[in-house]
Each structure stands twice: as C-alpha cells, then as structure tokens.
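Novice: For the sequence shown, the numbering used here begins at 1055 and goes up steadily by one. Ideal Cβ placement from N, Cα and C applies to all residues, glycine included. Dropping the structure in here first, questions after.
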Amino acid sequence: MSTTLLVVQVLNGLQLGVLLFLIAAGLTLVFGVMDFINLAHGVQYMLGAYLAVMFYGLTGSFVAALLLALAAALVFGLLLEAVVFRHLYGRDHLDHVIATFGIILFLNSAVKYVWGAAPLSLPVPEVLTGSVALAPGLLYPVWRLVIIGSGIAVAVLLWGLVSFTRVGMLVRAGATNPEMVSALGVDIRRLFTLVFGFGAMLAGFAGIMIAPILSVEPGMGDTILILAFVVIVIGGIGSIRGAFVAALLIGLVDTLGRSFAVDILRLFLSSSTARTVGPALASMLIYLLMAVVLYVRPTGLFPAKGR
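Spelled out as structure tokens, the structure:
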C-alpha cells in the first residue's frame, strides 16, 4: 500500500462523499420538513446529467449547459411536486414508496425513449482538463478537485441558508411543527414546494458534476439513491450537518474499503481467501457502519432538533 495510492483514494472518497451530500441534502430536507419518502430523488440526479448533455449539444458551452440544466431540474422538480407528490402529503409512507417507485419506472423508460438506451457522455470543460501535481509523483485530475470544491462550497452555502436566514428558520420550524408555522400565517404548502424544488436542483447538480466522469445512462440514479438513504439514516433525518458528515464518512469508508480490503485481509488470511472475502466484505462496510451507528445512536449522529 503506497502513500500515493492512499492519498488518491482518500481524495476519491471525498469526491464520492460530496456527491452523496448533494443528493442526500435535498432528500433529508424533503423527508425532514415534509415527512415524505421520495424514492424518485435518484431519477432527478439522472435527469440533471441528461439535461446537461442535451444543453451542451445545443449550446456547445459547458457553463451554459450547467445553468440551463440547473434551471430545468428546478422546474421539473416543481412540476413533479405540483402534479404528483402534492397529492400524497399526509398519506401513509407505503403510499409514498409505491407512487415514487412508479415515477422511477416511468422516467427511466421515458429517458430511454427520448435519449436512447446507449450511454452518453459530457466532456470536461477544456480549461479544467488534465491533472494537477499535489505532491511530487502525485497527480490528480483537476475536474475531480472541482467536484470536491463545489460540493464543499454548496455545503457551506446550504448551512448558512438553513442556519442564518429567515427561509432557513421557516424550514427548521416547519420540520418541527408545521401546524404552528401554518397558524402563524406562513404558506406551508409554498414552503414545501420550494424545499422540494431546491432538493431536486441539488440532485440535478450532482448529476451534472459527475456526468464528465461516469457514463450517463438510464437507471444511473438507482444505486446512488440507496447510498443517499444510508447517509440520511447515519447523519440523522432532517440534519444538513449530519448529512454532510455522514456523506464524507460513507464516501471514505466505501472507497478505501473497496481499494484496500483485500490487502488488509492478506495480513490475516491466505491470498486466495482474501481475494474471495475482500470484495464481499468491502461491499458490506457501509451497511455495517450504519448498523453500528444505529445501535449506538438510533436517531443518527446529528439528529435535527425536535425529531
């Protein structure tokens, strides 16, 4: 295990963590404020990537594609909330799961119909191509550093909005006692709509940022949605701080586990056994982490106040 490889995998883990945070932040806000389980949140991540590819093809500019895709993701999230999800508030969580799972199936099929089943790609902006030397012998892609920096910047901005603005105060109050907030004259339905649209835009932003690295294909949001739910369970439902800490923790544990599990097991087991057990154990690490956290702190690491 070389130091260079360890540093690279730590950076890869941070990159995965900030992407998970961008998705989980919207998911935990929707769940925390609206008590709504949105399995279709991963589809909004996928749509962000597809919209960026489409707008890049139309404009030839990554910046224009980014801005247009963010706006489109926001509008689509607001439309989805108004047409479908608004009618499910106050109903049983099983209804939420069934309805949003149906949205997943419908939108995955719609994406195949519009863009085809073949994987698409989004080029990295020319000024951000290549690698940067972080240390002698350690090169790391510039775009991956941009993803890490963007995710941290969004986390700081979101923390500031939730903690120090009037809208953030209403969001926190709505998560604790929506009836009282409504009685004070706040349009709680409009607040719910804004939270939902903002969450959809964050998921779309994550899809846009990862599109130059991963293939853009139908169903790409399904796997990462599972990780996002693990994030909000570990971090605490409704907690932005918890989502950020848990996302970075899961990103590091998952990436380092998949990279070094076999090497570590070789210290105790034969090489053939380590190669067999290592990948299976690595894929389970985040769920073992979730089980340990829930055993010690059933409400998560940083549960939102009032929950």
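1) Does the Cβ of Thr1082 have 16 or more other Cβ atoms within 10 Å, making it buried, or fewer, making it exposed?
2) Kindly list the residues whose CB is nearer than 6 Å to the CB of Ala1254, restricted to its own chain and excluding five residues on each side of it in sequence; keep chain order.
3) Since Tyr1143 is in the beta strand (DSSP E), which residue starts that stretch and which ends it?
4) I'd like to check one pair, Ile1077 with Ala1334: are the Cβ atoms closer than 8 Å?
5) Please give me, in chain order, every unbroken run of the alpha helix (DSSP H) with length at least 4 that falls completely inside the stretch 1108-1165.
6) Alpha carbon to alpha carbon, how far is Trp1169 from Asn1066?
7) Compute the Euclidean distance between the alpha carbons of Gly1258 and Leu1319, then round it to the nearest angstrom.
8) So Val1299 and Phe1356 are supposed to be a Cβ contact under 8 Å. How far apart are they, rounded?
9) Can you tell me which residues form a DSSP beta bridge with Val1186?
10) Please say whether Ile1278 and Gly1008 have beta carbons closer to each other than 8 Å?
11) What residue from Ser1056, Gly1086, Phe1252, Val1072 has the CA that sits closest to Ile1291's CA?
12) Answer yes or no: the CB of Leu1133 versus the heavy atoms of the ligand NAD, is any distance below 7 Å?
13) What's the gap between the Cα of Gly1060 and the Cα of Leu1321?
14) Given Ala1123, which residues of its chain have a CB within under 7 Å of its CB, disregarding the five upstream and five downstream residues?
15) Does DSSP put Leu1310 in a helix, in a strand, or in coil?
16) Determine which residues share a DSSP beta bridge with Val1270 and list them.
17) Which residues in the same chain as Phe1139 place their Cβ atom closer than 6 Å to its Cβ, once the five residues preceding and following it in sequence are excluded?
18) What separation, rounded to the nearest whole angstrom, lies between the Cα atoms of Gly1214 and Thr1247?
19) Give every residue of the same chain whose Cβ lies closer than 8 Å to the Cβ of Leu1343, excluding the five residues on either side of it in the sequence, and list them in chain order.
20) Check Ser1337 in the structure and name its three-state DSSP category.
21) Taking the straight line between their C-alpha atoms, what separation do you get for Thr1327 and Thr1057?
22) Output yes or no for whether 8 Å exceeds the beta carbon distance between Pro1272 and Trp1197.
23) Please name the residue in Phe1283, Pro1179, Leu1281 whose C-alpha comes closest to that of Leu1120.
24) Alpha helix (DSSP H) containing Ile1242: first to last residue?
25) Look up Asp1276 in the DSSP assignment and say whether it is helix, strand or coil.
26) Excluding the five sequence neighbours on either side, which residues of its own chain have a C-beta within less than 6 Å of the C-beta of Arg1312, listed in chain order?
27) Could you tell me if Thr1309 is buried or exposed, where buried requires 16 or more neighbouring beta carbons within 10 angstroms of its beta carbon?
28) Take the Cβ of Ser1325 as the centre, count every other Cβ of all protein chains shown within 10 Å, and call the residue buried at 16 or more, exposed below.
29) Closest to Val1186 by C-alpha separation, out of Arg1329, Met1234, Val1062, would be which residue?
30) Looking at Leu1074 and Ala1282, is the spacing between their C-beta atoms short of 8 Å?
31) Please confirm whether Asp1308 has its beta-carbon closer than 8 Å to some beta-carbon of chain B.
Specialist: From the atom records:
1) For the purposes of this step, residue 1082 is identified with residue 28 of the sequence shown, where counting begins at 1. It counts as buried.
2) Residue 1254 sits at position 200 when you count from the first residue of the sequence shown. If we look at Ala1254 and ignore the five residues flanking it on each side, its Cβ neighbours are Gln1098, Ala1127, Gly1131.
3) The sequence position of residue 1143 within the sequence shown is 89, counting from 1. Looking at the DSSP string, Tyr1143 is not in any beta strand (DSSP E), and its letter there is neither H nor E.
4) On the sequence shown, position 280 is the one that residue 1334 refers to. On the sequence shown, position 23 is the one that residue 1077 refers to. No; because the gap between Cβ atoms is not below 8 Å, this pair is not in contact.
5) 1116-1137
6) Against the sequence shown, residue 1169 aligns to sequence position 115. Against the sequence shown, residue 1066 aligns to sequence position 12. The straight-line gap from Cα to Cα measures roughly 29 Å.
7) Reading the sequence shown from its first residue, position 204 is the one you call residue 1258. Reading the sequence shown from its first residue, position 265 is the one you call residue 1319. C-alpha separation (whole angstroms): 38 Å.
8) Mapped onto the sequence shown, residue 1299 falls at position 245. Mapped onto the sequence shown, residue 1356 falls at position 302. So it is a contact: roughly 7 Å between Cβ atoms.
9) Residue mapping note: residue 1186 aligns to position 132 of the sequence shown, counting from 1. For Val1186, which the question treats as bridged, DSSP gives the partners Tyr1194.
10) Shown here, the chain extends from 1055 to 1361; a query on residue 1008 therefore has no answer.
11) To locate residue 1291, count along the sequence shown from 1; it is residue 237. Nearest C-alpha to Ile1291: Gly1086.
12) In terms of ligand content, the structure shown is empty, and the ligand NAD therefore cannot be addressed.
13) For the purposes of this step, residue 1060 is taken as residue 6 along the sequence shown, with counting starting at 1. For the purposes of this step, residue 1321 is taken as residue 267 along the sequence shown, with counting starting at 1. One detail in the question is off: residue 1060 reads as Leu in this sequence, not Gly. Looking at the two C-alpha atoms, the distance is approximately 17 Å.
14) Start at 1 with the first residue of the sequence shown, and residue 1123 comes out as number 69. Counting only Cβ-Cβ distances below 7 Å, and skipping sequence neighbours, we find Gly1102, Leu1105, Ala1106, Phe1109, Gly1258, Ile1262.
15) Numbered from 1 along the sequence shown, position 256 holds the residue referred to as residue 1310. Reduced to three states, the DSSP call for Leu1310 is helix.
16) Residue 1270 sits at position 216 when you count from the first residue of the sequence shown. Leu1174.
17) Along the sequence shown, one-based indexing puts residue 1139 at 85. Result list for Phe1139: empty, nothing under 6 Å.
18) Here residue 1214 refers to the residue found at position 160 of the sequence shown. Here residue 1247 refers to the residue found at position 193 of the sequence shown. Going by the C-alpha atoms only, they are around 20 Å apart.
19) By 1-based counting over the sequence shown, the position of residue 1343 is 289. Same-chain partners within the cutoff: Ile1288, Leu1303, Ile1304, Val1307.
20) Against the sequence shown, residue 1337 aligns to sequence position 283. Helix.
21) Start at 1 with the first residue of the sequence shown, and residue 1327 comes out as number 273. Start at 1 with the first residue of the sequence shown, and residue 1057 comes out as number 3. Each residue's Cα considered, the two are about 25 Å apart.
22) As a first step, residue 1272 must be located in the sequence shown, where it is residue number 218. As a first step, residue 1197 must be located in the sequence shown, where it is residue number 143. Against a cut-off of 8 Å, the Cβ pair of Trp1197 and Pro1272 comes out as no contact.
23) Position 66 of the sequence shown holds residue 1120. The residue with the shortest Cα to Cα distance from Leu1120 is Pro1179.
24) As a first step, residue 1242 must be located in the sequence shown, where it is residue number 188. 1242-1264 is the span of the alpha helix (DSSP H), which, as asked, contains Ile1242.
25) Reading the sequence shown from its first residue, position 222 is the one you call residue 1276. Note: Asp1276 maps to helix in three-state DSSP.
26) Translated into positions along the sequence shown, residue 1312 becomes position 258. Closer than 6 Å at Cβ, skipping near neighbours: Ala1336.
27) Position 255 of the sequence shown, counted from the first residue, corresponds to residue 1309. The residue is buried, with at least 16 neighbouring Cβ atoms inside 10 Å.
28) Indexing the sequence shown from 1 puts residue 1325 at position 271. With fewer than 16 other Cβ atoms within 10 Å, it is exposed.
29) Your numbering for residue 1186 matches position 132 in the sequence shown. Answer by Cα proximity: Val1062.
30) The residue given as residue 1282 occupies position 228 in the sequence shown. The residue given as residue 1074 occupies position 20 in the sequence shown. Yes, they are a contact pair.
31) Of the protein chains in this structure there is only one, and it is not chain B.
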